[in-house]
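>
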Amino acid sequence: MMNNLPFLDPQETIAPDYSDFLAALKSTAFSGDIKMSYGSRLAVATDNSIYQQLPQAVILPKSIDDLSLIGQTAAQFPSVRFSARGGGTGTNGQSLTPGLIVDLSRYMNKVLEVNADEQWVRVQAGVVKDQLNDVLRPLGYFFAPDLSTSNRATIGGMVNTDASGQGSLVYGKTSDHVLGLTSVLVDGTVLRSQPMSMDEAQTLAQEPTVVGNIAKQLIETCVGKREQILTKFPRMNRFLTGYDLEHALNDELSQLDISRVITGSEGSLAFVAEAKLNITPIAKHKALVNIKYDSFESALRHAPSMVAAQATSVETVDSNVLNLAKQDIIWHSVKDLITDVPDKVVLGLNMVEYNSNDQAGIELKIAELRARLDKDIELNRCGVIGYQLTYDTAEINKIYGMRKKSVGLLGKTKGEKKPLAFVEDTGVPPENLADFIMEFRALLDARGLHYGMFGHVDAGVLHVRPALDMCDPAQEAMIPEISDAVAALVAKYGGLIWGEHGKGYRSEYSPTFFGEELYAELRKIKTAFDPLNKMNPGKICTPFESGDALVRVSDQKRGGFDRQIPIDVRASFEPAMSCNGNGLCFNYDTTSPMCPSFKITGDRRHSPKGRAGIIREWLRLLSKQNIDVANLEKSGKSEAWYTKLSNSLSKQHEADFSHEVLEVMDGCLACKACSSQCPVSVDVPGFRARFLNIYYRRYSRPLKDYLVGNIENMAPLMAKMPSMVNFFLRQDWFNNSIRKTVGYVDTPHLSVPTLEQRLDSDIQHFDLAQLKGLSETQKAKKVCIVQDPFTSYYEAGVVDALAQLITKLGYEPVLLPFMPNGKPQHVKGFLDKFAKTAQNAAGLLNELQQLAIPLVGIDPSMVLCYRDEYTKVLGGQRGSFQVQLVHEWLLTIDLPAKSVPSEPARYALFGHCSEKTALPASEAQWQTVFSKFGLALQPIAVGCCGMAGTFGHEQSHVSQSKGLYELSWQEQIAQFLPEQIVATGYSCRSQVARMAEFKPKHPLEVLLESLH
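Numbers in the working numbering are just positions in the sequence shown, counted from 1, shifted up by 210.
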């Protein structure tokens, strides 16, 4: 096997007809973007399903005119085909295509018009559902369909899948809220649809136009086959989607609405560009009852009585999902709301919500429900073992946050077998659900499969995900077999195999479900809209008399690509392999820490999902060339410097796929939010560092990497002459030189006076022998300060303040000698050096740990490196040492009790991304500490500040760094006086200093001031 990184060519060129089409499109007035790189195509080759299909290119239109030009130009290219895409959260491959992806989420994402008086809103298709509700909430309204993926699912995607979700018994599906659509047909015709009288429809049907032909066919089918439609379509809340022939007409048959057919059509009829939607008043009062059961079956069988009790919604989860949630960062927010039952095991949970504008009405219903539940518990009936009630909206949102995350949490199941979405949205009449699920479970149990269950029990829809290893061909072969069995079982209970998440690759079951006569009608409608089968071909149906095939459950899956990577490599890169496409990293919320690079670029490559996908493909391509990645890493061999330089200068290297991977990895801020915020913990900084380590054995490193990687060695040397260094850093010519040669900007100034000059002469300097000779009583009063390069050399005042605070609290600070932590080396992929640095630091820290003297560090990213990266690189050799953050240590000691004044001094806490995500209780803990000092502290919800260590100092990242600050920090910082703002991260304080021209204090500095 080779031990050097080779040149990688994916050999996946764009087909000539598509290249010609794209060239023709570029020659028009098209104003959007066209992405043809292999990495851009890979980013949309998967969704939240088990399938993988590489498209020819990605088109990002900016307007309806752009969409129209796509259609008009495509008329000259009969073989060119499309699939529209929004958030990419589909669980059945709805948007996957070997043709062209038309992604409306990048640019067509505006809320165009809100009419609160008439209760409607008009939006572009790329608007995210939560984004829309953030606009509507101040007006007292919301867009009702409530998806678990609401923070990244787009309105266009919701329309195309007729999405529903929680509370659908009361709020219905997306189609119940669509007042009108603006769509673009395959030939570029703009179709504006809304309910029209049958007379208007009949007149339109006489016109010799594509829209006239559509109206004619819909009348023939929906009126002419009305009796068959009503007989075949199930009488369920989750009524049939794709194509909704029943509701294209109103009950009186006096109106025709083309929008109802497009809604749920999965992009197979038209591009949905805009939607006019009705909006719902937000109920003033809410209550949520979490009912706990001794079995999942008990929860299912008890749910109908909750529906009968007029609950707004009833959601359920099984013990598998609950146990996974308990291992996730999300649990800290709900653990007090879903407590254990003494001497009982909670194996099922029903979340029963009531909402109304009538508080008294809710309280009456709750009182009646509690009386029944108390009686159930007393008599040991219905499997009820306990319940908890809350009226607090914030608490209710936290519980639903856990429920929404359950989709992704199932992917965290340990082992090679992961719960998969392919039969996970079956819908049956609610009264049949419990019996259906028992038989469904027996079906899976007979095959020895594990699974997780959760869902909308009130609507008869339960998400069941069997666990399979898709890298095992034998287990992949079970997918069609199980799908066939479930399709038959659903039919037995009068339901649908696609009760919520659309057909996608399950379209092969359409002919069986609809029957020959109605399926032919679907095909005729498809022909009227899309006669050449260019719009998402193979989904739902094909044009009438077309020889084209439907997509099938047995089609190409991601596992077929993943299994080409050797087993040991898959295990080594498990964080990248485990990504299941859930897409939580596409979270719209700018106050969420994950993922800053996606938030600022809108480019799906620059997300944990995108990076996991591109690294998997990189590993696959290496495997095809018989390259052992483990050997590449272990060998430590690099090309000679002149060979690296030649490779870097060579024109040939431009086609090396490794360069596309580098571009995507370079955009990562290494904030590590993904390692805890992602439901399956896709830790991008981990595999990013490994890639950089290998990549730069073939190619030359930029100078800035050496600067950053050696900052911990350089800072102590520069601190010996800080005034001289700072003198040069104040010179424009010097800074311009650094910017041009190294690519580094806004270099921070060294502390003057230095830390050594600031510290009180009584502060004990490190003497290991002396510390070992102390009595246990003397040791109990010592606190060791673990230095980091940023606070010690650039914010020495903070370290000095910590020493003073320790002294004021009655302890004796011991300043440990500065020793490199290695975090900057890890970020830049100097892994061999990082391993040595970590080993050296761990050696001393483990010695100190044996003395039982607290070790306290200041900067979150550096301290957390000891806990995470050290564990991964050193394994069992890391030892048991623990470095605490300041607030963690403060919580372990007796703090002076200070009474909180009636008007306490108020401060705003801006937490560091890594700290908030790795230590989710940290903000509340800082609040506790401040309250003991008689101070009030308010945590501020913000995303990443954009600095992220040295990321914001690199010229290539400056605009993104500043843009991230403007996304969520700028407005919040402006809400407070500078003296009120505290920030825990050095990089955060530096970014505020750059952008707002003042430097916030560290919280410990405020605590010290309060003691003076």
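Where is the CB? At the ideal position from N, CA and C, for every residue including glycine. Note that the structure is a prediction, hence the values are computed from the model and not measured.
If we require 4 or more residues per run, which alpha helix (DSSP H) segments fall completely within the stretch 758–806?
The qualifying runs are 768–772, 777–782 and 784–787.
> In chain order, what residues of the same chain lie with their CB nearer than 7 Å to the CB of A239, ignoring the 5 residues before and after it?
If we look at A239 and ignore the five residues flanking it on each side, its Cβ neighbours are L279.
> What are the boundary residues of the alpha helix (DSSP H) that W851 is part of?
Note, W851: alpha helix (DSSP H), W851 to L859.
> Helix, strand or coil: which one does DSSP assign to G665?
Strand, per DSSP.
> From M211 to L831, what distance separates their C-alpha atoms?
For M211, the predicted model reports a pLDDT of 48, less than 50, meaning its position is unreliable and no value from the coordinates is stated.
> If you draw a straight line from the alpha carbon of L306 to that of K767, how long is it in whole angstroms?
Each residue's Cα considered, the two are about 11 Å apart.
> Please give me, in chain order, every unbroken run of the beta strand (DSSP E) with length at least 3 that falls completely inside the stretch 1031–1068.
Listed in chain order, the complete beta strand (DSSP E) runs (minimum 3 residues) inside the stretch 1031–1068 are 1065–1067.
> Less than 6 Å between C-beta atoms, sequence neighbours within five positions excluded: which residues of the same chain meet that for A285?
Excluding positions up to five away in sequence, the list reads D397.
> With hydrogens ignored, establish whether the beta-carbon of R613 is closer than 7 Å to any heavy atom of the ligand HEM.
Of the ligands one can find in the structure shown there are none, so the ligand HEM has no counterpart to examine.
> Under the assumption that L1025 contacts H975 (Cβ atoms under 8 Å), give the Cβ distance between them as a whole number of angstroms.
The Cβ separation is near 6 Å, so the contact holds.
> Spell out a yes or no on whether the stretch 595–603 and the stretch 532–540 are touching, meaning 3 or more CB-CB pairs, one atom from each, closer than 8 Å.
Segments in contact, no.
> Pull up the distance between the alpha-carbon of I948 and that of L913, whole angstroms please.
Roughly 10 Å separates the two Cα atoms.
> With a 10 Å radius around its C-beta and 16 neighbouring C-beta atoms as the bar for buried, classify F1161 as buried or exposed.
Classification of F1161: buried, given that the 10 Å Cβ count is 16 or more.
> Please list the terminal residues of the continuous beta strand (DSSP E) segment that includes A284.
From DSSP, A284 is part of no beta strand (DSSP E) but of the alpha helix (DSSP H) over I274 to A284.
> Can you list, in chain order, the residues of its chain whose CB lies under 6 Å from that of G877, leaving out five sequence neighbours each side?
Counting only Cβ-Cβ distances below 6 Å, and skipping sequence neighbours, we find S807 and H816.
> If you follow the alpha helix (DSSP H) that N590 is part of, which residue opens it and which one closes it?
Unbroken run through N590: none, as it is neither H nor E.
> What is the rounded straight-line gap between the Cα of D219 and the Cα of E870?
C-alpha separation (whole angstroms): 11 Å.
> Threshold first: 3 residues or longer. Then list the beta strand (DSSP E) segments lying entirely within the stretch 513–537, N to C.
Entirely contained in the stretch 513–537, the beta strand (DSSP E) runs reaching 3 residues are, in chain order, 523–528.
> Can you check the stretch 1142–1222 for any alpha helix (DSSP H) of at least 4 residues that lies completely inside it and give the ranges in chain order?
Here the runs fully enclosed are 1168–1174, 1180–1183, 1196–1206 and 1213–1221.
> So does the stretch 509–519 actually touch the stretch 560–572, counting three or more Cβ pairs closer than 8 Å?
Cβ pair count under 8 Å is three or more, so yes.
> Which partner residues does H975 have in the DSSP bridge list?
In DSSP, H975 forms a bridge with L1025.
> Examine the Cβ distances between the stretch 746–764 and the stretch 699–719 and report whether three or more of them are shorter than 8 Å.
Short answer: they touch.
> Compute the beta-carbon to beta-carbon distance between H1124 and T801, rounded to the nearest angstrom, for a pair I have assumed lies under 8 Å.
This sequence places Ser at residue 1124; His is not what is there. Actually they are not in contact, since the Cβ atoms of S1124 and T801 sit about 16 Å apart, beyond 8 Å.
> For E222, does the three-state DSSP call read helix, strand or coil?
Three-state DSSP puts E222 in coil, outside helix and strand.
> Roughly how many angstroms lie between the CA atoms of A1134 and F901, to the nearest whole one?
Spanning the two alpha carbons is a distance of roughly 36 Å.
> Mark V667 as exposed unless 16 or more other C-beta atoms lie within 10 angstroms of its C-beta, in which case mark it buried.
Flag for V667 reads buried.
> What separation, rounded to the nearest whole angstrom, lies between the Cα atoms of E588 and D550?
Between E588 and D550, the C-alpha separation is close to 18 Å.
> Alpha carbon to alpha carbon, how far is V482 from W1099?
Going from the Cα of V482 to the Cα of W1099 covers about 55 Å.
> Within a Cβ cutoff of 6 Å, which residues of the same chain sit near V1073, ignoring the five residues on either side of it in sequence?
The answer, listed in chain order, is G1067, V1093 and L1095.
> Answer yes or no: do A822 and A786 have a C-beta to C-beta separation smaller than 8 Å?
Yes, they are a contact pair.
> Under a three-way DSSP split, which group does G1085 fall into?
Helix at G1085.
> Using a Cβ-Cβ cut-off of 7 Å (strictly less than) and excluding sequence neighbours within five positions of F1186, which residues of its own chain qualify?
Same-chain partners within the cutoff: A1118.
> What residue ranges within the stretch 334–393 form continuous alpha helix (DSSP H) runs of no fewer than 4 residues, ordered along the chain?
Counting whole runs of 4 or more residues, the stretch 334–393 contains the alpha helix (DSSP H) stretches 339–346, 365–371 and 378–381.
> Reducing DSSP to helix, strand and coil, say where L510 ends up.
Three-state DSSP puts L510 in a helix.
> To the nearest angstrom, how far is it from the Cα of V918 to the Cα of A669?
Near 56 Å, if we compare the C-alpha coordinates of A669 and V918.
> Can you find at least 3 beta carbon pairs, one from the stretch 985–996 and one from the stretch 1193–1212, that sit closer than 8 Å?
No, they do not touch.
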